[in-house]
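Undergrad: Structure incoming, see below.
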Amino acid sequence: MSRPEGDPNSGRRWRTQERSGLIVLAGALGLFLNQTARIAGFNVSLADVILPLLLIALACSHGIILPRAAVFYSLAVFTLTITTALWFTPLTFGTTPDSQSVMGELVKMVVSFLYFIAGYSLVRAGAHSTALRWFAFGAAAVALLSLANNLIGVPLPDLMYYGSFRFRGLMSDPNYYSALAVAALIFIARDTDLKRPIRWPLVAILATSVVFSASKTGAIVLVAVLTLLLFERTFRKARWVVALPLTAIGVVAVAIAGSTILHGLHATLLHAGTVLPQLNRIALLFSTDAQDAIAGQGSGRDDAWGNALLVIQRAPFWGSGVGSYQDATAELAGSVTLAHNTYLQLAAEWGLPLAIVLFAWIAVHLFLASQRHAPFLEKTLNVVQLRDMVLVFLLAGASLSLNNARMFWLFLGMLAFGVHALRSERGRVHSHEETD
Numbered sequence: 001m002s003r004p005e006g007d008p009n010s011g012r013r014w015r016t017q018e019r020s021g022l023i024v025l026a027g028a029l030g031l032f033l034n035q036t037a038r039i040a041g042f043n044v045s046l047a048d049v050i051l052p053l054l055l056i057a058l059a060c061s062h063g064i065i066l067p068r069a070a071v072f073y074s075l076a077v078f079t080l081t082i083t084t085a086l087w088f089t090p091l092t093f094g095t096t097p098d099s100q101s102v103m104g105e106l107v108k109m110v111v112s113f114l115y116f117i118a119g120y121s122l123v124r125a126g127a128h129s130t131a132l133r134w135f136a137f138g139a140a141a142v143a144l145l146s147l148a149n150n151l152i153g154v155p156l157p158d159l160m161y162y163g164s165f166r167f168r169g170l171m172s173d174p175n176y177y178s179a180l181a182v183a184a185l186i187f188i189a190r191d192t193d194l195k196r197p198i199r200w201p202l203v204a205i206l207a208t209s210v211v212f213s214a215s216k217t218g219a220i221v222l223v224a225v226l227t228l229l230l231f232e233r234t235f236r237k238a239r240w241v242v243a244l245p246l247t248a249i250g251v252v253a254v255a256i257a258g259s260t261i262l263h264g265l266h267a268t269l270l271h272a273g274t275v276l277p278q279l280n281r282i283a284l285l286f287s288t289d290a291q292d293a294i295a296g297q298g299s300g301r302d303d304a305w306g307n308a309l310l311v312i313q314r315a316p317f318w319g320s321g322v323g324s325y326q327d328a329t330a331e332l333a334g335s336v337t338l339a340h341n342t343y344l345q346l347a348a349e350w351g352l353p354l355a356i357v358l359f360a361w362i363a364v365h366l367f368l369a370s371q372r373h374a375p376f377l378e379k380t381l382n383v384v385q386l387r388d389m390v391l392v393f394l395l396a397g398a399s400l401s402l403n404n405a406r407m408f409w410l411f412l413g414m415l416a417f418g419v420h421a422l423r424s425e426r427g428r429v430h431s432h433e434e435t436d
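With UniProt numbering, letter number 55 in the sequence shown gets 55, and the count goes up by one each step, no holes.
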């Protein structure tokens with residue numbers, strides 16, 4: 001649309017329309033992150049349709065930001081993993097990866113990078129809060145359906161359940177859904193713009209939906225997040241001289257009576273499982289048999305982790321390459337599996353050096369996001385919320401392969417720009433103080 005001659009307000013109207021379009025696309029992207037479907041071997045989402053439109057809108061309005069370090073690192077990952085798959089994997093593992101598999105995994109990596117760039121650029125454009133809120137409220141709406149079905153019997157489509165009783169919402173996997181729900185929970189719990197009568201019921205709804213997913217991973221992450229929130233409130237409202245001794249006493253008591261507590265929780269959940277069958281699966285977490293807790297009810301995490309370690313041992317520096325991991329595990333262990341662990345998956349595919357660089361970079365950004373900054377700027381950039389949402393996926397990544405998870409890369413991109421903006425502001429403040 002061109003600005004008509006003689007109309008001094010046309011430029012302003014154009015900018016308003018442009019801004020409105022960007023906000024709508026950001027909200028749609030956040031909302032559709034709550035949906036995926038397995039099609040032709042790919043987890044596809046309506047968010048993938050919105051992503052290119054959003055990138056075009058960002059390019060036309062505020063410009064797409066390509067952080068140099070991220071670009072160089074991504075190019076290194078693409079180049080080295082492709083080279084490894086085509087040249088080193090046949091020599092190291094005695095298997096030649098399928099070209100379609102290599103291309104398919106490469107496409108996933110490129111899309112993940114685009115989500116990172118979208119997140120980074122959305123914060124610069126000031127539209128990230130819209131995406132985050134629509135994501136969180138969409139997750140809460142889906143979670144409410146799980147309560148309606150389990151508590152009052154409202155019928156839901158079979159596609160919203162895995163194995164007839166594990167709620168997965170509009171996602172393809174209940175474990176992935178549970179991570180999504182906890183990420184939305186922590187965002188809403190920290191959204192002080194929401195009044196408490198709205199905020200805490202939404203938190204309860206999302207927490208309950210994690211239970212209905214029967215995800216052991218989700219249950220662990222949920223408990224970790226709720227514990228974090230409880231500790232924060234305790235230490236904020238109580239004096240340290242009171243809070244620290246009480247915390248120490250609690251830790252010692254749990255350590256001494258750990259076996260009794262585990263046995264009691266296990267028995268209680270099994271009894272409650274007669275009403276809610278999802279609790280039978282979560283009860284395995286409190287089993288005194290570690291093997292049962294990890295691999296009970298067919299999760300097979302022990303075998304998957306063992307296979308990943310075999311790949312890492314065989315090729316610690318260059319890994320199996322893109323699209324070759326399952327071929328490598330089939331050759332080494334006789335079974336085709338994913339690692340079910342993001343850290344092992346990336347170390348096995350990319351090699352230890354590239355994986356260590358990535359997780360060290362993430363750790364630095366989490367640390368920087370945890371430092372004290374100007375409260376208004378922290379709230380505007382949603383840095384603390386984004387830090388915790390990334391942490392949710394890092395915790396869930398201990399038993400899920402989330403290396404291509406859209407939300408993880410989108411939130412990580414948002415966090416990266418937020419930390420960059422905070423550091424830039426701090427630098428300007430220090431420079432101004434020195435000149436004064």
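We treat Cβ as the ideally placed atom computed from N, Cα and C, and that holds for glycine. On a predicted model such as this, the values are computed, not experimentally measured, just so you know.
Using three-state DSSP, classify I205 as helix, strand or coil.
TA: By 1-based counting over the sequence shown, the position of residue 205 is 205. It is helical.
Undergrad: Tell me the rounded alpha-carbon separation between residue 460 and L151.
TA: With the chain represented from 1 up to 436, any question about residue 460 goes unanswered, as that position is not in the structure.
Undergrad: Should L346 be labelled buried (16 or more other beta-carbon atoms within 10 Å of its own) or exposed?
TA: As a first step, residue 346 is located in the sequence shown; it is residue number 346 there, counting from the start. By the neighbour-count rule (16 or more Cβ atoms within 10 Å), L346 is buried.
Undergrad: When you compare only the Cα positions, how much space is there between T92 and L352?
TA: Translated into positions along the sequence shown, residue 92 becomes position 92. Translated into positions along the sequence shown, residue 352 becomes position 352. Going from the Cα of T92 to the Cα of L352 covers about 16 Å.
Undergrad: Considering only the beta carbon of each residue, do A131 and G63 sit closer than 8 Å?
TA: Here the question's residue 131 lines up with position 131 in the sequence shown. Here the question's residue 63 lines up with position 63 in the sequence shown. Their beta carbons are not under 8 Å apart, which means A131 does not touch G63 by this criterion.
Undergrad: For the beta strand (DSSP E) containing A37, name the first residue and the last one.
TA: In the sequence shown, counting from the first residue as 1, residue 37 sits at position 37. Where A37 is concerned, the enclosing beta strand (DSSP E) stretches over A37 to I39.
Undergrad: So the alpha helix (DSSP H) N280 belongs to, where does it begin and stop?
TA: On the sequence shown, position 280 is the one that residue 280 refers to. Element bounds for N280: Q278 to A283.
Undergrad: Where do the ends of the beta strand (DSSP E) carrying F42 lie?
TA: By 1-based counting over the sequence shown, the position of residue 42 is 42. It spans F42 to V44 - the beta strand (DSSP E) in which F42 sits, taken as one unbroken run.
Undergrad: Please return the same chain residues whose Cβ sits closer than 8 Å to the Cβ of L180, not counting the five positions on each side in sequence.
TA: Your numbering for residue 180 matches position 180 in the sequence shown. Contacts found: L33, N34, A139, G169, M171 and M407.
Undergrad: Tell me the residue span of the alpha helix (DSSP H) that contains R133.
TA: On the sequence shown, residue 133 is found 133 positions in, with the first residue counted as 1. Here the alpha helix (DSSP H) through R133 covers H128 to I152.
Undergrad: Provide the residue(s) that pair with R166 in DSSP beta bridges, ordered along the chain.
TA: Stepping through the sequence shown from its first residue, residue 166 is reached at position 166. In DSSP, R166 forms a bridge with Y162.
Undergrad: What does a CB cutoff of less than 6 Å around F42 pick up in its chain, not counting 5 residues either side in sequence?
TA: Within the sequence shown, numbered from 1, the residue matching residue 42 stands at position 42. There are no such residues.
Undergrad: Do three or more CB pairs link the region 148 to 164 to the region 189 to 200 at distances below 8 Å?
TA: The answer is no - the region 189 to 200 does not touch the region 148 to 164, with fewer than three Cβ pairs under 8 Å.
Undergrad: Taking 7 Å as the limit between beta carbons, can you name the residues of its chain near P277, skipping five residues before and five after?
TA: Within the sequence shown, residue 277 is the residue found at index 277, counting from 1. Once the five neighbours on either side are set aside, the close Cβ partners of P277 are F165.
Undergrad: Mapping DSSP to helix, strand and coil, what is T96?
TA: For the purposes of this step, residue 96 is taken as the residue at position 96 of the sequence shown. Coil, per DSSP.
Undergrad: On the CB-based measure, 16 or more other CB atoms within 10 Å of its CB, does F367 come out buried or exposed?
TA: As a working mapping, residue 367 is identified with position 367 in the sequence shown. The residue in question, F367, is exposed, as its Cβ has fewer than 16 Cβ neighbours within 10 Å.
Undergrad: Could you check what DSSP says for N403 in three-state terms: helix, strand or coil?
TA: Taking the first residue of the sequence shown as position 1, residue 403 is located at position 403. DSSP places N403 in coil when its eight states are reduced to three.
Undergrad: Please report the residue range of the alpha helix (DSSP H) in which G306 lies.
TA: Translated into positions along the sequence shown, residue 306 becomes position 306. It spans R301 to R314 - the alpha helix (DSSP H) in which G306 sits, taken as one unbroken run.
Undergrad: Going by DSSP in three states, M109 sits in which element: helix, strand or coil?
TA: Within the sequence shown, numbered from 1, the residue matching residue 109 stands at position 109. Looking at M109 - three-state DSSP - the assignment turns out to be helix.
Undergrad: Using the rule of at least 16 other Cβ atoms within 10 Å of the residue's Cβ for burial, across every protein chain shown, is Q326 buried or exposed?
TA: Reading the sequence shown from its first residue, position 326 is the one you call residue 326. Counting Cβ neighbours within 10 Å, Q326 comes out buried, since at least 16 surround it.
Undergrad: Using DSSP with H/G/I as helix, E/B as strand and the rest coil, what is P52?
TA: Sequence index remark: in the sequence shown, residue 52 carries index 52 (1-based). In the structure shown, P52 sits in a helix (DSSP, three-state: H, G or I).
Undergrad: Which residues in the same chain have their Cβ closer than 7 Å to the Cβ of V210, if we skip the five residues on either side of it in sequence?
TA: Taking the sequence shown and counting its residues from 1, one reaches residue 210 at position 210. Result list for V210: S178, A181, V182, G218, A219 and L222, in chain order.
Undergrad: State the Cα-Cα distance for the pair D302 and L51, rounded to the nearest angstrom.
TA: Locating residue 302 in the sequence shown gives position 302, counting from the first residue. Locating residue 51 in the sequence shown gives position 51, counting from the first residue. Distance between the alpha carbons of D302 and L51: 36 Å.
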